[in-house]
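Okay, structure first, notes after.
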Amino acid sequence: MIPDASLAFRLRARLAPRDRRVTLCAMSHPEDEDPAALFRAAIGAVTPINATPPANAKPRPKPRARMAERDDAEAHSEFQRLLRDSAPLEAGDVASYRRENVPARVFQRLRRGQFSAQDELDLHGANAVQAEALLRQFIAEAHAHEFGCVRIVHGKGLQSGGIPLLKNLVDRLLRQRNDVLAFHSAPPTQGGTGAMLVLLARR
């Protein structure tokens, strides 16, 4: 028997919407998809940015390095101004300081190097900013340990254009400290005019 054509058409019409619902239902679950795959599909291909600087590009100085250089330059300029305003010590000059309450005989022993240095600070290679910080820390720690005498090696400044900057810096800073009783350039056997023996106050 030949099937009725109208019956076949009605069957196809009744089945077609159900097939579409099944298809739409299968596509309506994005949680089943890989999120990374969906993201790549949405934005397309990504070209990485070349972060390597050109071969002839100069590296940028770090902010902290620039600040340190600026601070050192400012400190050096300020210290040079102070030296111009007063008579600075020269390489061969003797540095000497004594408070009024220090007996002359005690100061005489310091001059002759008769007090043993209990600690030493060598400032060779330090710039003005570094030397000041090192000196302050050194004297504070020596005073905390109740050292009576210490030696500070500052050099003669033969490479600093005629004026020994570190020598003058040490001389000025030591004069400002309440825990320093006296100082004097060391005897030749202990560094001469390139070092100082410092007498500290007791706590």
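Quick note: the sequence shown uses the numbering used here, first residue 1, plus one each step.
Virtual Cβ for every residue (Gly too), placed ideally from N, Cα, C.
Counted within 10 angstroms of its Cβ, other Cβ atoms place residue i as buried (16 or more) or exposed
i: Val150; result: buried
i: Glu141; result: exposed
i: His124; result: exposed
i: Ala87; result: exposed
i: Gly191; result: buried
Beta-carbon proximity check, residue i vs residue j, cutoff 7 Å
i: Asp171; j: Leu89; result: yes
i: Ser185; j: Val129; result: no
i: Asp119; j: Phe147; result: yes
Same chain, Cβ closer than 6 Å to residue i, five either side skipped, listed in chain order
i: Val102; result: Leu181, Ala182
i: Gly273; result: The structure shown does not extend to residue 273, since the chain is modelled only from 1 through 203, so no value can be given for it.
i: Ala117; result: Cys149, Val150, Arg151
i: Arg98; result: Phe107, Ala182
C-alpha distance - residue i paired with residue j, whole-angstrom precision
i: Met196; j: Glu100; result: 19 Å
i: Arg202; j: His145; result: 9 Å
i: His143; j: Gln176; result: 15 Å
i: Pro187; j: Val106; result: 16 Å
i: Arg112; j: Thr189; result: 10 Å
i: Gly155; j: Ala133; result: 17 Å
i: Ala104; j: Ile139; result: 23 Å
i: Gln137; j: Gln108; result: 27 Å
i: Ile153; j: Val198; result: One point to set straight first is that residue 153 is Val, not Ile, in the sequence displayed. Distance between the alpha carbons of Val153 and Val198 is about 11 Å.
Sequence-distant residues of the same chain with beta carbon closer than 7 Å to residue i, five excluded per side
i: Gly157; result: Ala91, Ile163, Pro164, Leu165, Leu166, Lys167
i: Asp179; result: Ile139, His143, Leu200, Ala201
i: Leu169; result: Phe79, Ala128, Ala131, Glu132
Same chain, Cβ closer than 8 Å to residue i, neighbours up to 5 away in sequence not counted
i: Val22; result: In this prediction, Val22 has a pLDDT of 42, which is less than 50 and means its spatial position is unreliable; nothing more can be read from the coordinates.
Mind listing, in chain order, the continuous beta strand (DSSP E) runs of no fewer than 3 residues lying wholly within the segment 98 to 167?
120 to 122, 149 to 153
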